[in-house]
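K.L.:
Dumping the structure here so I can ask a few things about it.
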Amino acid sequence: MSTTISNPNEVVTKALLRFVTLPSRDRAAVITLDNGFDHTKPNSFGPGGLASLEAAIDEAVAAAPKFIAVTGKPYIFCVGADITAMPLLTEREQALELGRYGHKVFRKLKDSTVPTFAFINGAAMGGGLEVALHCHYRTVSAGAAALALPEVAIGLVPGWGGTQLLPNLIGIAPAAQVIIQNPLTQKTLKPAQARELGIADEIFEPADYLERSLAWAEGVVDGTVTVTRPEIDRDMWDGVLYFAKHQLDERLHGAVNSANKALELLALARSATFEEGTAAEDEALADLLMGDQSRASLYGFDLVQRRAKRPAGAPDKGLARDVNKVGIVGAGLMASQLALLFVRRLEVPVVLTDLDQARVDKGVGYVLAEIDKLVSKKRLDPGKAAKYRGLVSGSADKAAFADADLVLEAVFEDLGVKKQVWAEVEKIVRDDCVLATNTSSLSVSEQAAGLAHPERVVGLHFFNPVAMMPLLEIVRAEQTDDATLATAFAVGKALKKSSVLVADRPAFVVNRLLTRFLGVVTAAVDNGTPIEVADSALDPLGLPMRPMALLGMVGPAVAHHVAGTLHAAFPDRFGVSANLGRVVAAGKRGFTDAEGNPDPEVLALLEVGSSPSTAEELRDEATAALAREIRLMLDEGVVADPRDIDLCMILGAGWPLHLGGVTPYLDREGISEKVTGARFLPPGVANAP
């Protein structure tokens with residue numbers, strides 16, 4: 001193995017070889033992948049790990065055991081290639097070498113004259129699942145956390161045999177789902193699904209997983225256990241890939257290089273030899289690794305996996321207060337979603353209040369109904385559901401908050417209403433009760449002004465739908481103290497949210513940028529740009545949804561209100577569209593209907609000018625506006641670093657990983673320097689060398 005792709009910081013996953021005696025008194029070789037750490041630091045393959053696995057396979061084959069099995073340390077099989085080393089690749093030849101070496105090592109399992117088995121005892125991702133696919137047979141533990149080939153989502157392809165082995169094992173349709181669709185929708189396979197698809201030949205419970213796998217493997221070798229595989233239909237191959245490409249083009253408009261490469265490799269797998277297919281994987285992987293999209297994707301992946309777990313600016317977690325009861329002001333849909341989240345994650349009493357008992361009962365009823373749905377879908381066991389039902393309650397009297405440790409308001413987005421709520425609540429709660437506002441754009445400091453204890457007021461800006469959206473913007477107001485802030489971060493972690501500290505500036509991060517972005521689009525419509533042109537102008541970015549669909553999801557009334565808040569703060573950059581106001585007044589979902597076509601009833605309402613923009617002009621204006629706004633936000637100290645802007649946009653706005661968030665795209669296209677005079681990130685951080 002050449003040292004040109006060595007990684008001095010690699011945490012080497014060693015392949016530990018041992019021999020076990022089977023009931024028949026024959027010996028089996030068991031290779032256990034183990035990097036020496038617990039499950040919180042998963043196994044991965046760097047150059048050192050591949051070398052260790054190669055040596056273990058060679059030694060095992062030489063000993064001529066009855067069979068060879070590869071398994072992992074507790075809870076973890078292997079999560080794939082060591083992506084921390086990928087930014088160290090500076091030449092295409094190094095990337096080629098990495099791909100070829102992985103293929104060389106894994107192929108020893110495929111070509112072995114001794115039967116090979118993978119005992120997938122835990123999480124198996126990327127190259128980890130690919131090493132299992134090279135084995136002749138596979139079992140999976142029912143307790144394995146997740147199985148996936150997620151590479152397309154981070155700008156790569158399964159480059160160690162996955163695109164060639166999987167479709168020829170389970171068929172082209174499910175293989176395309178696993179390799180392309182699942183990564184782009186952030187889905188993984190559960191063990192039962194892997195068994196059903198045929199990725200695993202058998203599934204066993206965790207308690208005696210290794211023992212049963214060994215016994216099953218011996219049965220396979222002895223012929224007492226028969227393994228059947230589905231017949232692969234090659235006639236439908238091209239049709240499936242044509243449909244998959246159509247779906248990709250419709251959703252991402254050809255903007256994701258890794259998805260396009262994966263389609264090409266899957267097409268090749270129909271008739272190419274394994275040598276031809278894996279050689280094509282090597283070339284594709286090298287192209288992608290040395291391209292901007294993969295570097296941006298890896299940058300975004302690192303933000304989500306690492307920076308999100310260590311929020312910049314968070315105070316000492318030892319300062320956090322215990323939260324043993326939560327009060328929620330409001331019982332509407334957002335408040336009810338929040339109540340359900342707090343009950344499920346914190347498992348503490350949660351009480352909702354509203355103006356009258358009818359509203360309270362409706363909110364509590366929503367939570368109870370959602371708990372019942374989780375039970376019916378087998379996502380929650382009946383015992384736990386009974387506990388949750390007992391924890392949620394409602395009252396029309398805010399006196400129910402007297403012993404609460406945290407009170408969160410989710411009422412109408414009006415500063416006067418919120419200030420009135422806090423004035424009432426402060427008279428009831430203890431002096432150390434944290435007061436949190438779920439405002440999407442209003443000043444937290446202004447809400448706290450006039451209170452006896454403004455230091456215990458903090459912003460907790462959740463995103464809708466609450467259960468699904470991972471981002472939590474934690475807003476530090478002018479007088480928020482460290483204990484309150486630490487409590488907010490502790491609660492965010494308990495709720496399984498990725499928290500980002502933001503300053504108390506209008507609309508914070510996500511809503512400010514989305515409003516700036518949508519403002520350019522709606523202004524173009526106001527000026528006479530056809531809705532179809534305005535809606536499709538940003539397609540080359542490969543965003544998860546077009547502007548008009550985003551407007552429909554956010555809600556025109558919310559978008560109009562936030563635009564008004566930002567216009568009051570920054571009138572030179574944020575306008576308020578009179579046409580959007582007409583859409584709100586008419587009670588419409590936006591400028592388009594549910595299918596994304598211009599709504600004829602809305603078109604009849606619009607008053608437009610005679611200076612339309614072309615798609616290119618609008619795209620240039622929108623991206624320049626984003627660059628300008630981000631620079632201003634960084635100058636204002638809204639967040640600590642451009643990386644927090646990107647993290648917020650990835651987790652709160654679904655900004656694609658293949659762009660690395662927003663700042664790498666603006667840097668890569670030269671927009672940052674053109675508009676603001678400087679890049680946001682140093683060269684090489686989120687782009688190819």
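Numbering follows UniProt numbering, in which position 327 of the sequence shown is assigned residue number 327; successive positions increment by one, without gaps.
A virtual CB, placed ideally from N, CA and C, is assigned to each residue, including glycine.
Kindly indicate which three-state DSSP category T663 falls into: helix, strand or coil?
P.N.:
helix
K.L.:
From the DSSP output, which residues share a beta bridge with A118?
P.N.:
The secondary-structure analysis by DSSP pairs A118 across a beta bridge with V70, R138.
K.L.:
Could you pull out every unbroken alpha helix (DSSP H) segment of at least 4 residues lying fully inside the segment 477-502, listed in chain order?
P.N.:
482-494
K.L.:
Do E106 and H134 have their C-beta atoms within less than 8 Å of each other?
P.N.:
It should be noted that the sequence gives Phe, not Glu, for residue 106. Yes, the pair counts as a contact, with Cβ atoms nearer than the cut-off.
K.L.:
Could you tell me which whole alpha helix (DSSP H) segments of length 4 or greater appear in the segment 232-306?
P.N.:
237-252, 257-268, 274-289, 292-305
K.L.:
Threshold first: 3 residues or longer. Then list the beta strand (DSSP E) segments lying entirely within the segment 35-120, N to C.
P.N.:
68-72, 76-78, 116-120
K.L.:
Taking the beta carbon of N687 as the centre, do at least 16 other beta carbons fall within 10 Å, making it buried, or is it exposed?
P.N.:
buried
K.L.:
Please state if the CB of I645 and the CB of I630 are separated by a distance shorter than 8 Å.
P.N.:
yes
K.L.:
Taking buried to mean at least 16 other C-beta atoms within 10 Å of its own C-beta, is Q337 buried or exposed?
P.N.:
buried
K.L.:
For A490, which residues from the same chain have a beta carbon less than 7 Å from its beta carbon, with the 5 sequence-adjacent residues on both sides left out?
P.N.:
K317, A320
K.L.:
Helix, strand or coil for E629 per DSSP?
P.N.:
helix
K.L.:
Where does E347 sit, in a helix, a strand or coil, going by DSSP?
P.N.:
Coil.
K.L.:
Where do the N-terminal and C-terminal ends of the beta strand (DSSP E) with V329 fall, by residue?
P.N.:
326-329
K.L.:
Look at L472 and R345 and say whether their C-beta atoms are less than 8 Å apart.
P.N.:
With respect to the 8 Å criterion, L472 and R345 are not classified as neighbours on the basis of their beta carbons.
K.L.:
When DSSP labels each residue in this structure, what does F159 get in the three-state scheme?
P.N.:
The question names Phe, but residue 159 in the sequence shown is Gly. Coil at G159, not helix or strand.
K.L.:
Looking only at its own chain, which residues have a Cβ that is under 6 Å from the Cβ of S445, when we skip the five neighbours before and after it?
P.N.:
A477, E478, D504
K.L.:
So is L415 buried or exposed if we call it buried at 16+ other beta carbons inside 10 Å?
P.N.:
exposed
K.L.:
Is the CB-CB distance between V348 and K384 below 8 Å?
P.N.:
no
K.L.:
Among F45, D302, G102, which has the Cα closest to the Cα of V12?
P.N.:
Relative to the Cα of V12, the nearest Cα in the group F45, D302, G102 belongs to F45.
K.L.:
Given 8 Å as the limit, is there contact between the segment 621-637 and the segment 280-291, that is, 3 or more CB pairs closer than that?
P.N.:
no
K.L.:
Grab the span of the beta strand (DSSP E) containing F517 for me, first residue to last.
P.N.:
Segment 510-526 is the alpha helix (DSSP H) holding F517; no beta strand (DSSP E) there.
K.L.:
Contact between the segment 228-237 and the segment 112-132 is defined here as three or more beta-carbon pairs at a separation below 8 Å; is this criterion met?
P.N.:
When Cβ pairs closer than 8 Å are counted between the two stretches, the segment 228-237 is seen not to touch the segment 112-132, the count staying below three.
K.L.:
Return the first residue and the last residue of the alpha helix (DSSP H) that G459 is part of.
P.N.:
No alpha helix (DSSP H) contains G459, which is instead part of the beta strand (DSSP E) from 457-462.
K.L.:
Strictly by DSSP, which residues pair up with V429?
P.N.:
Looking at the DSSP output, V429 bridges to nothing.
K.L.:
Determine the direct distance from the alpha carbon of A64 to that of P23, and round the result to whole angstroms.
P.N.:
Inter-residue distance for P23 and A64 is about 17 Å (C-alpha atoms, whole angstroms).
K.L.:
So, with DSSP's three-state summary, where would you put K674?
P.N.:
helix
K.L.:
Roughly how many angstroms lie between the CA atoms of E426 and K245, to the nearest whole one?
P.N.:
57 Å
K.L.:
Looking at the strands, I want to know which residues DSSP matches up with A148.
P.N.:
M125
K.L.:
Locate the beta strand (DSSP E) running through A436, then write down its first and last residues.
P.N.:
434-437
K.L.:
DSSP state of K14, grouped into three classes?
P.N.:
strand
K.L.:
Just the C-alpha distance for A507 and D482, rounded to the nearest angstrom, thanks.
P.N.:
22 Å
K.L.:
Nearest by alpha-carbon distance to N9: which of A85, A410, L263 is it?
P.N.:
A85
K.L.:
What's the gap between the Cα of E97 and the Cα of D526?
P.N.:
54 Å
K.L.:
Sorted by chain position, which residues of the same chain lie with C-beta nearer than 7 Å to M1's C-beta, five sequence neighbours on each side aside?
P.N.:
Its pLDDT being 42, under 50, M1 is placed unreliably in this model, and the value from its coordinates should be taken loosely. Only P47, A51, Y101 meet the Cβ criterion.
K.L.:
Do you know how far the Cα of N260 is from the Cα of H253?
P.N.:
11 Å
K.L.:
Between K187, V220, T439, which lies nearest to A410 when the distance is taken from Cα to Cα?
P.N.:
Comparing Cα positions, the closest option is T439.
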